[in-house]
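Chains A and B supply the protein sequences, listed in that same order.
Convert by adding 181 to the 1-based position in the first sequence; the result is the number in the working numbering.
Convert by adding 60 to the 1-based position in the second sequence; the result is the number in the working numbering.
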Amino acid sequence: MNEAAQEALSQTNFGVVDFTIVVVYLLISLVIGLMVNRFAGSMENYIGAGRKVGPWLGVATMTGTELGLVTVMYSAQKGFTGGFAAFHMAVIAGVGTLLVGLTGFIVGPLRRMEVLTIPEFYEKRFNRRIRVLGGVMLVFAGVLNMGLFLKVGSMFIVGVTGLASEGEALKWVMVGLLSLVLVYTTLGGMISVVLTDYVQFVVLSFGLLIATGLAIWKLGWINIFETVHAELGVAGFDPTAEGAGFGWTYVFWMIVTAGLIGSAVWPTAVARALAMESESAVRKQYCWSSISFAVRFMIPYFWGICALVFITSTAEGADLKGLFYPAESDESALNNLYAMPVFMGRLLPPVLLGIVTAGMIAAFMSTHDSYFLTWSSVITQDIVAPLQKKPMSTKARIRLTRMLIVLMGGYVLYWGLFYKGREDIWDYMAVTGGIYFTGAFVVLMFGVYWKRTSSFGALLGLLSGLFMLLGLEPIQIAVGLKFQKDEGEWEELLTSPQIGLLTVGIAVVLTIIGSLVWPDATDEQTSESLKS
Amino acid sequence: MNWELIWKVVFIVVIGMFAVMSVLVTVFGAFDIKQLLNKLGEEDDDSWLGP
């Protein structure tokens with residue numbers, strides 16, 4: 182990094198008072214974790230908060246989990262590159278969640294069956310082998326999916342605090358944040374997660390609103406739209422336009438991922454639904470959460486747009502323009518993930534910057550602890566325990582879950598340091614998540630609503646998700662789906678959204694064919710278990 | 061289709077709804093926490109009494 186870049190990145194309003202706010206906030210979270218540790222004695226309490234979460238707390242915890250720092254970062258990146266056209270994903274996410282809340286689609290029947298995890302449903306509906314396979318697919322995709330969370334979250338911290346100008350700071354922040362999350366998550370399980378999600382909701386929701394208001398005040402409402410017009414043209418508003426980086430295929434892929442899957446099938450969201458006190462509380466939780474499912478994308482998109490406007494149209498941001506848009510073609514541009522945090526570091530005044538940063542770190546922790554807890558409990562409950570000859574004791578299960586959380590921590594640190602893909606973070610997550618959810622969505626939907634779905638159909642449906650691996654950039658390059666032309670430009674034979682939609686189609690076809698060709702002998706029995 | 065106008069309206073409406081929801085969740089969520097801790101506390105006390 183040259184001197185000019187170091188100078189530009191080190192400019193921030195973050196000071197000692199903000200640092201103090203962050204430390205105090207994190208200490209409070211740690212104390213909460215310690216205080217509720219005594220309630221985490223049973224597996225139901227540890228991973229499901231005893232199924233006693235009320236609807237309003239449910240909304241807070243759903244928002245706290247899904248509004249993670251990584252969400253804020255990848256969404257800001259989409260806003261920075263795609264402008265207002267990115268808003269279509271926020272609308273799809275909100276409407277999709279509302280529809281799930283109104284109809285109880287998938288989550289209602291799951292809550293009625295009183296399962297703790299999605300693979301547990303597979304066993305009740307199909308058999309133990311499907312449960313184990315579902316668990317393996319879920320964990321493989323889920324762990325791959327969270328591989329970049331740590332790095333991206335740490336990029337926010339170093340960006341907003343000015344540490345990005347220090348060469349090794351990113352690695353040390355990654356190690357520090359990870360240690361914090363591991364200590365905290367292994368302590369209190371879902372109960373501490375739910376309580377700190379509430380605190381995070383309160384801090385972050387008001388922080389988001391105030392920061393958004395400040396950004397509009399600073400840049401000017403009309404100027405924001407005019408600058409996006411000047412920089413991105415029509416493509417900055419119309420998601421179906423050429424050059425927007427989206428298009429119809431992308432929009433359809435978002436209806437599947439951000440709309441239906443994000444709310445009805447994604448295990449961390451479903452884990453919240455399954456921790457609720459009743460099915461009506463689940464529905465209420467989803468209806469209200471539809472607002473936060475839209476906001477969790479929309480506000481960060483807007484911040485990314487504001488960062489673009491700040492860098493390209495204001496005198497204060499002029500020193501950053503050369504970093505993100507180098508004049509010489511042989512110079513490499515600074516990773517655009519840094520645009521939003523650097524902008525926030527200069528926009529927000531001290532104290533408010535400390536509060537927002539503390540809220541963001543809390544968001545980072547809440548996403549991590551929830552994901553660690555979800556994937557590790559799936560390994561314990563749905564892979565290891567069913568394969569044991571003797572029943573596992575609660576103590577052994579909790580101990581194994583805690584050990585797995587630490588192992589996953591080591592993995593995210595490794596993956597964050599070494600993954601070389603260059604796709605946008607959101608696209609990486611949609612693809613890796615798709616390995617699980619394309620198959621699981623189809624199997625869950627058919628399993629709940631079509632009584633003839635058989636174990637063999639479910640097996641084929643779940644395995645279809647592996648086609649999604651072709652959406653990852655390093656694999657696309659390895660198999661020739663993406664290649665560099667002589668002029669140096671990259672050409673894709675199949676885009677990730679096209680692969681995603683194809684995979685869903687393949688999963689539907691194979692589940693139906695598999696079920697019709699090889700039906701289960703006990704159709705009546707399975708339909709009875711669904712009714713109960 | 062005027063996308064700019066659509067996104068302006070959507071943004072204002074969604075942010076407005078989120079502001080209202082934030083207040084409601086802050087207030088009623090605190091009551092839910094109290095209830096949750098009470099229920100878990102009762103279970104915790106019962107477990108000390110033995111079967």
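Where is the CB? At the ideal position from N, CA and C, for every residue including glycine.
Write down the C-beta distance between residue i and residue j rounded to the nearest angstrom, noting that I regard them as a contact closer than 8 Å.
| i | j | result |
| --- | --- | --- |
| F195 (chain A) | V341 (chain A) | 6 Å |
| L651 (chain A) | I680 (chain A) | 5 Å |
| V612 (chain A) | L653 (chain A) | 6 Å |
| M254 (chain A) | I606 (chain A) | 7 Å |
| D550 (chain A) | V362 (chain A) | 6 Å |
| K332 (chain A) | L528 (chain A) | With a Cβ gap of about 24 Å, K332 (chain A) and L528 (chain A) do not count as contacting. |
| F427 (chain A) | G263 (chain A) | 7 Å |
| T619 (chain A) | V685 (chain A) | 5 Å |
| F330 (chain A) | L489 (chain A) | About 24 Å separates the two Cβ atoms, so there is no contact after all. |
| P448 (chain A) | L319 (chain A) | 6 Å |
| Q569 (chain A) | P236 (chain A) | Wrong, their Cβ atoms sit about 36 Å apart, outside the cutoff. |
| L640 (chain A) | L314 (chain A) | 7 Å |
| S547 (chain A) | M243 (chain A) | 11 Å between Cβ atoms; not a contact. |
| I536 (chain A) | G394 (chain A) | Actually they are not in contact, since the Cβ atoms of I536 (chain A) and G394 (chain A) sit about 14 Å apart, beyond 8 Å. |
| L238 (chain A) | D92 (chain B) | 4 Å |
| M521 (chain A) | A257 (chain A) | 4 Å |
| C487 (chain A) | A396 (chain A) | 4 Å |
| V203 (chain A) | I693 (chain A) | Between I693 (chain A) and V203 (chain A) the Cβ distance is about 52 Å, and since that is not below 8 Å, they are no contact. |
| Y552 (chain A) | G323 (chain A) | 7 Å |
| P152 (chain A) | Y431 (chain A) | Since the displayed chain A opens at 182 and closes at 713, residue 152 (chain A) lies outside it and no answer follows. |
Please state whether the Cβ-Cβ distance between residue i and residue j is less than 7 Å.
| i | j | result |
| --- | --- | --- |
| I579 (chain A) | S557 (chain A) | no |
| E561 (chain A) | T575 (chain A) | This sequence places Thr at residue 561 (chain A); Glu is not what is there. No; because the gap between Cβ atoms is not below 7 Å, this pair is not in contact. |
| F337 (chain A) | L250 (chain A) | yes |
| A241 (chain A) | V85 (chain B) | yes |
| W63 (chain B) | F418 (chain A) | yes |
| D378 (chain A) | G485 (chain A) | no |
| S696 (chain A) | G628 (chain A) | no |
| L501 (chain A) | A186 (chain A) | no |
| R310 (chain A) | E460 (chain A) | no |
| E252 (chain A) | G526 (chain A) | Note that residue 252 (chain A) is Thr in the sequence shown, not Glu. No. |
| A345 (chain A) | L207 (chain A) | no |
| I730 (chain A) | S645 (chain A) | Absent from the model: residue 730 (chain A). The displayed extent of chain A is 182 to 713, so no value can be given. |
| S494 (chain A) | T408 (chain A) | yes |
| M81 (chain B) | I472 (chain A) | yes |
| G559 (chain A) | T298 (chain A) | For clarity, residue 559 (chain A) is Val in the given sequence; the question names Gly instead. A contact, by the Cβ cut-off of 7 Å. |
| F664 (chain A) | V446 (chain A) | no |
| R312 (chain A) | P572 (chain A) | no |
Do you know whose CA, among the options, lies nearest residue i's CA?
| i | options | result |
| --- | --- | --- |
| F382 (chain A) | B:E64, B:A90, B:F71 and B:L96 | B:A90 |
| W596 (chain A) | A:M327, A:Y255, A:V313 and A:G323 | A:M327 |
| K352 (chain A) | A:F418, A:W699 and A:V593 | A:V593 |
| P530 (chain A) | A:F265, A:Y617, A:G323 and A:I391 | A:I391 |
| I209 (chain A) | A:F268, A:L376 and A:P300 | A:L376 |
| W429 (chain A) | A:A267, A:W699, A:E460 and A:R293 | A:A267 |
| E188 (chain A) | A:V523, A:I616 and A:K570 | A:V523 |
| G661 (chain A) | A:H410, A:L674, A:E668 and A:F200 | A:L674 |
| G343 (chain A) | A:L534, A:L682 and A:K666 | A:L534 |
| L598 (chain A) | A:S335, A:L215, A:T393 and A:G401 | A:S335 |
| G540 (chain A) | A:T193, A:S191 and A:V205 | A:V205 |
| I442 (chain A) | A:E247, A:V356, A:N404 and A:A496 | A:E247 |
| L625 (chain A) | A:W469, A:A566, A:G642 and A:T438 | A:G642 |
| N517 (chain A) | A:V384, A:K259, A:A450 and A:A508 | A:K259 |
| V276 (chain A) | A:A422, A:P678 and A:V437 | A:V437 |
| E304 (chain A) | A:G401, A:E670 and A:S636 | A:S636 |
| T201 (chain A) | A:M435, A:V532 and A:T676 | A:V532 |
| V722 (chain A) | A:E672, A:T538, A:K663 and A:I397 | Absent from the model: residue 722 (chain A). The displayed extent of chain A is 182 to 713, so no value can be given. |
| I656 (chain A) | A:D667, A:Y600 and A:G669 | A:Y600 |
| K68 (chain B) | A:V356, A:I403, A:L682 and A:A439 | A:I403 |
| A702 (chain A) | A:R306, A:S386 and A:V296 | A:R306 |
| G591 (chain A) | A:L215, A:V356, A:G414 and A:W631 | A:V356 |
Tell me whether residue i, by its Cβ, gets closer than 6 Å to a heavy atom of the ligand ZN.
| i | result |
| --- | --- |
| G485 (chain A) | Among the components of this structure there are no ligands whatsoever, and the ligand ZN is therefore not found. |
### Task
Say whether the region 69-83 of chain B touches the region 465-483 of chain A, bearing in mind that this needs 3 or more beta-carbon pairs closer than 8 Å, one atom from each stretch.
The count of Cβ pairs closer than 8 Å, one atom from the region 69-83 of chain B and one from the region 465-483 of chain A, reaches three, so the stretches are in contact.
### Query
On the three-pair Cβ rule with 8 Å, is the region 281-296 of chain A touching the region 258-272 of chain A?
By the criterion of at least three beta-carbon pairs nearer than 8 Å, the region 281-296 of chain A is not in contact with the region 258-272 of chain A.
### Message
Counting beta carbon pairs with one atom in the region 287-294 of chain A and one in the region 447-454 of chain A, are three or more of them shorter than 8 Å?
### Response
Verdict: yes, contact present.
### Task
Enumerate, from N- to C-terminal direction, the unbroken alpha helix (DSSP H) stretches of 4 or more residues contained entirely within the region 613-655 of chain A.
The region 613-655 of chain A contains these whole alpha helix (DSSP H) runs: 636-645.
#### Entry: Within the region 459-519 of chain A, ranges of the alpha helix (DSSP H) (whole runs, at least 4 residues)
With a minimum length of 4 residues, the continuous alpha helix (DSSP H) runs that stay inside the region 459-519 of chain A are 460-494 and 499-505.
### Task
Tell me the start and end of each unbroken alpha helix (DSSP H) in the region 289-349 of chain A that is at least 4 residues and wholly inside, in chain order.
Within the region 289-349 of chain A, the complete alpha helix (DSSP H) runs of at least 4 residues are 299-306, 309-326 and 330-342.
### Message
As an exercise, report each continuous alpha helix (DSSP H) stretch of at least 4 residues that is fully enclosed by the region 359-431 of chain A, in chain order.
### Response
Taking only runs of at least 4 residues, the alpha helix (DSSP H) segments lying wholly in the region 359-431 of chain A are 402-413.
### Message
Could you tell me which whole alpha helix (DSSP H) segments of length 4 or greater appear in the region 516-564 of chain A?
### Response
The region 516-564 of chain A contains, as complete alpha helix (DSSP H) runs of 4+ residues, the segments 520-528 and 533-559 (chain order).
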